[in-house]
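To start, the structure under review is shown below, and the notes come after it.
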Amino acid sequence: MIRFEDVSFAYPDQGSSIRDLSFELERGEFAAVIGANGAGKSTTVRLADGLLRPSSGRVLIDGEDTRNSQVSARARKVGFLFQNPDRQICKNTVREEILFGLRTVRSEEGESALQARAERILAEFSFTGDEEPFALSRGQRQRVALASIFAAEPEVLILDEPTTGLDYRECCHIMDQIRRMNEERQVTVMMVCHDMEVVLDYASKALVMAGGRLLAAGPVREVFRNRELMEKASVLPPQVISLGLRLGDGYETADTPEAMAEAVLAHRKKEGASDE
Amino acid sequence: MIAIQDLTFTYKNGKTPALQDICLSVPSGGFLGIIGPAGAGKTTLLRAITGVIPHHYTGDFYGSVHVNGMDTVDTSLDRLSGITGMVFQDVESQIIFPTVEDEILYGLENFGVPREEIPLRISEALHKVGIPDLLERSIASLSGGQRQKVAIASILALKPQVLVLDEPTGELDPGSSRQIFTILKELNEEGVTIVLVEQKIMLLCEFAKDLAVLDGGHVVLQGETRKVLTQVEKLQSVGVNCPRVTTLSHLLTERIGRQQPVCVNLDEAERMVRGLMK
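Chains A and B are the protein sequences, given in the same order. Take the first sequence: its letter number 22 is residue 22 in our numbering, and every next letter is one higher. Take the second sequence: its letter number 24 is residue 1024 in our numbering, and every next letter is one higher.
The following block contains the structure:
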């Protein structure tokens, strides 16, 4: 669905920021792009969206080169959620905000069909539609931005740190909605995220970047358990995985507090400790 | 150092109080972490500590806030800002100059720091946040994380006695976030009182000496960090999720039927599990 072929990219006056990037995401995959600040993560997702175009190499979305595709065609296929929702919200009510996006990318459907679509998405996101976006909390504004993207039913969803600045509850709310879209509609998700616990809980694949290059791509848990790779990318793996690696002795496979507690209890049972 | 007594504050035009009956104190050299869901009143509380409430943001103010013995209502914002430095949540609204050097210089000149002292102050501040090489860079060329560090450095240069930060690592990756918290810890050990709002619970629990949990304008839990962390149900009810190693402590306590230490970091969790494996 998303294919990078030897992609390099340089911002004007700054030397190259992305070098020889090649990878592919299948339809329905949920991938997280991880790495330290300045690793090139945001540039990579902007290239995937076609907001930036490669200096060399090709980015293909569903087989189409982003350099040749029309912005309007791409906008139907790819939804982009910025880190800061205020950069994409521009209308005075949530309903208008959702209709604004729909009218841009689905204009051929006719106004009444679009309104029906908007009402469906409002219900799905538990908005009345009359809310004023800027009177809502940041987490709710992020959900407004997400709702307007969902309304257009994109095949690819690109997220640049979607949970930054959200409290835990808001974070779960947003991420659960993204997961539902990924699972129910096979939407391909590519997400930049600094919270490795969120990556562990939601993503299935990790693209590990450092210094503008791709260091590795693979299943999230495998990537997190690769100590050398994590150090090279300056990424701290999720707590329980780190703990398992330190303990060794079969504890490496535990990835949640529950699994770790089970492993400890099983070990104690084997050793004959008497637990209640 | 900071003493808040029965503080209730309603913003002008606000329908309900943003803060209600807040009693909180932070000793000199304290390190208080504040957490809570969106709209809990966290930023308002920081504003009350720095004195921008009630001096800049007006409204109905009941109770009192004392910083270094001075009542914030009776003391000018000028004087208060000589004691307390604040790093905003939105760095973009804090940074106003085009280069790093000018940004830090601005505060120092405003505070009347002697000219000969300025270069050293700037270089010390940049070293503390690990960006000495960015001195001459334009702000526009910096990443979000680097800007955050510049904002912190510009406040550190003023050598505040109390440092108040509103989600200072919001834009930073985990490595840089930890670096900022390590810097805050060092400053704290040098005697600077730290008060910060943070959503990154793992860092907060590992570094803050005390925690205050806010919800709906009230302080619902406060005290020594580990004590607060034992209140799992209360924390969950206000949407605060414990660090996963802390959850592991709770699970093991429950399943083994014997109190395990409340772990806040990997070292402690490793020690706990190894202890149980003997």
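Glycine included, C-beta positions come from ideal geometry on N, C-alpha and C. If you're wondering where the values come from, they're calculated on a predicted model, not measured in any experiment.
Determine the chain B residues that contact residue i at a beta-carbon separation under 9 Å, and present them in chain order.
{"i": "A/ASN37", "result": "SER1143, GLY1144, GLY1145, GLN1146, GLU1171, LEU1172, ASP1173, GLY1175 and SER1176"}
{"i": "A/LEU243", "result": "ARG1244, VAL1245, LEU1248, LEU1266, ALA1269, GLU1270 and VAL1273"}
Just the chain A side, please: which residues come within less than 8 Å of residue i by C-beta, in chain order?
{"i": "B/GLN1199", "result": "GLY165, LEU166, ASP167 and TYR168"}
Closest to residue i by C-alpha separation, out of the options, would be which residue?
{"i": "B/ARG1274", "options": "A/GLU124, A/VAL198, A/LYS269 and A/LEU247", "result": "A/LEU247"}
{"i": "B/ARG1258", "options": "B/MET1272, B/ASP1267 and B/VAL1245", "result": "B/MET1272"}
{"i": "B/THR1182", "options": "B/LEU1204, B/VAL1162 and B/ASP1166", "result": "B/LEU1204"}
{"i": "B/VAL1219", "options": "B/GLY1014, B/LYS1015, B/GLN1020 and B/GLN1146", "result": "B/GLN1020"}
{"i": "A/ILE158", "options": "A/HIS173, A/MET181 and A/GLY165", "result": "A/MET181"}
{"i": "A/THR89", "options": "A/SER126, A/PRO133, A/GLU108 and A/GLU111", "result": "The displayed chain sequence assigns Ile, not Thr, to residue 89 of chain A. Checking every option, the nearest Cα to that of A/ILE89 belongs to A/PRO133."}
{"i": "A/LEU272", "options": "B/ALA1003, B/LEU1276 and B/GLY1085", "result": "The displayed chain sequence assigns Gly, not Leu, to residue 272 of chain A. That would be B/LEU1276, whose Cα lies nearest to the Cα of A/GLY272."}
{"i": "B/ILE1035", "options": "B/MET1086, B/GLY1029 and B/LEU1045", "result": "B/LEU1045"}
{"i": "B/LEU1032", "options": "B/THR1193, B/LEU1252, B/ALA1151 and B/ASN1265", "result": "B/THR1193"}
{"i": "B/ALA1038", "options": "B/GLY1239, B/THR1253, B/THR1246 and B/ALA1269", "result": "B/GLY1239"}
{"i": "B/ALA1151", "options": "B/ASP1166, B/PHE1111 and B/GLU1117", "result": "B/ASP1166"}
{"i": "B/GLY1144", "options": "A/ALA39, A/ARG227, A/ASP201 and A/ARG213", "result": "A/ALA39"}
{"i": "B/ASP1006", "options": "B/GLN1231, B/VAL1245 and B/GLY1217", "result": "B/GLY1217"}
{"i": "A/LEU25", "options": "A/ILE61, A/ALA254 and A/LEU122", "result": "A/ILE61"}
{"i": "A/THR93", "options": "A/SER42, A/ASP6 and A/GLU131", "result": "A/GLU131"}
{"i": "A/SER56", "options": "A/ALA145, A/ALA263 and A/LEU21", "result": "A/LEU21"}
{"i": "B/THR1050", "options": "B/THR1010, B/GLN1231, B/LEU1251 and B/VAL1164", "result": "B/VAL1164"}
{"i": "B/SER1076", "options": "B/ASP1267, B/GLU1268, B/HIS1056 and B/VAL1087", "result": "B/HIS1056"}
{"i": "B/ARG1244", "options": "B/SER1237, B/VAL1232 and B/ARG1255", "result": "B/VAL1232"}
Using DSSP with H/G/I as helix, E/B as strand and the rest coil, what is residue i?
{"i": "B/ARG1258", "result": "coil"}
{"i": "B/ASP1210", "result": "strand"}
{"i": "B/HIS1055", "result": "helix"}
{"i": "B/HIS1066", "result": "strand"}
{"i": "A/PRO219", "result": "strand"}
{"i": "A/GLU252", "result": "helix"}
{"i": "B/GLY1223", "result": "strand"}
{"i": "A/HIS267", "result": "helix"}
{"i": "B/MET1086", "result": "strand"}
{"i": "A/SER234", "result": "coil"}
{"i": "A/MET196", "result": "helix"}
{"i": "B/ARG1137", "result": "coil"}
{"i": "A/LYS77", "result": "helix"}
{"i": "A/GLY211", "result": "coil"}
{"i": "B/CYS1205", "result": "helix"}
{"i": "B/GLN1020", "result": "strand"}
{"i": "A/ILE149", "result": "helix"}
{"i": "A/ALA206", "result": "strand"}
{"i": "B/ASP1173", "result": "coil"}
Would the C-beta of residue i count as close to the ligand SAH, meaning under 7 Å from any of its heavy atoms?
{"i": "A/ASP130", "result": "Absent from the structure shown: the ligand SAH. Ligands present: none."}
With a threshold of 7 Å on Cβ separation, who are the neighbours of residue i within its own chain once the five nearest residues in sequence on each side are excluded?
{"i": "B/LYS1200", "result": "THR1169 and SER1177"}
{"i": "A/SER204", "result": "GLU29, PHE30, PRO219 and VAL220"}
{"i": "A/LEU215", "result": "VAL208, MET209, LEU229, LYS232 and ALA233"}
{"i": "B/THR1058", "result": "LYS1012"}
{"i": "B/LEU1024", "result": "ILE1004, ALA1212, VAL1219 and GLN1222"}
List the residues of chain B whose Cβ lies closer than 8 Å to the Cβ of residue i, in chain order.
{"i": "A/GLU155", "result": "None at all; the shortest Cβ gap to chain B is about 29 Å."}
{"i": "A/VAL240", "result": "ARG1244, VAL1245 and LEU1248"}
{"i": "A/LEU159", "result": "What A/LEU159 touches in chain B: nothing, since even the nearest Cβ is about 16 Å away."}
{"i": "A/MET196", "result": "PRO1174"}
{"i": "A/SER234", "result": "ASP1173 and GLY1175"}
Within a Cβ cutoff of 8 Å, which residues of the same chain sit near residue i, ignoring the five residues on either side of it in sequence?
{"i": "A/GLN115", "result": "LEU99"}
{"i": "A/ASP65", "result": "ARG58 and VAL59"}
{"i": "B/VAL1073", "result": "PRO1054, PHE1061, SER1064 and VAL1065"}
{"i": "A/VAL105", "result": "SER72, ALA75, ARG76 and ALA152"}
{"i": "A/GLY79", "result": "ILE149, PHE150, ALA152, PRO154, VAL156, LEU157 and ILE158"}
{"i": "A/PHE82", "result": "GLN88, ALA145 and ASP160"}
Give the C-beta separation of residue i and residue j to the nearest angstrom, bearing in mind that I take them to be a contact with Cβ-Cβ under 8 Å.
{"i": "B/ILE1096", "j": "B/ALA1157", "result": "Not confirmed; about 15 Å, so no contact."}
{"i": "A/ALA233", "j": "A/ILE34", "result": "7 Å"}
{"i": "A/MET1", "j": "B/LEU1248", "result": "Not confirmed; about 37 Å, so no contact."}
{"i": "A/LEU122", "j": "A/ARG103", "result": "Actually they are not in contact, since the Cβ atoms of A/LEU122 and A/ARG103 sit about 16 Å apart, beyond 8 Å."}
{"i": "B/THR1043", "j": "B/VAL1067", "result": "Going by Cβ atoms, the distance from B/THR1043 to B/VAL1067 rounds to 17 Å, so no, they are not a contact pair."}
Mind pulling the chain A residues with CB within less than 7 Å of residue i?
{"i": "B/LEU1276", "result": "VAL264 and ARG268"}
{"i": "B/ASN1241", "result": "TYR168"}
Counting only Cβ pairs nearer than 7 Å, list the residues of chain B close to residue i.
{"i": "A/GLY139", "result": "ALA1038"}
{"i": "A/ALA261", "result": "LEU1248, LEU1251, LEU1252 and ARG1255"}
{"i": "A/PRO257", "result": "ARG1244, THR1247, LEU1248 and LEU1251"}
Enumerate in chain order the residues of its own chain whose CB-to-CB distance from residue i is below 6 Å, with the five nearest sequence positions on each side excluded.
{"i": "A/ALA32", "result": "MET191, CYS193, VAL199, ALA203 and ALA206"}
{"i": "B/PHE1207", "result": "PHE1181 and LYS1185"}
{"i": "A/LYS91", "result": "GLU97 and PHE100"}
{"i": "A/GLY165", "result": "ARG138"}
{"i": "A/GLY323", "result": "This structure cannot settle anything about residue 323 of chain A, because the visible part of chain A is limited to 1 through 276."}
{"i": "B/GLN1094", "result": "PHE1088 and ALA1151"}
Residues of chain A with CB closer than 9 Å to the CB of residue i, please, in chain order.
{"i": "B/MET1202", "result": "GLU197 and GLN239"}
{"i": "B/GLU1167", "result": "GLY165"}
Who are the neighbours of residue i on chain E, taking C-beta pairs under 8 Å?
{"i": "A/ARG246", "result": "No chain E appears in this structure, whose protein chains are A and B."}
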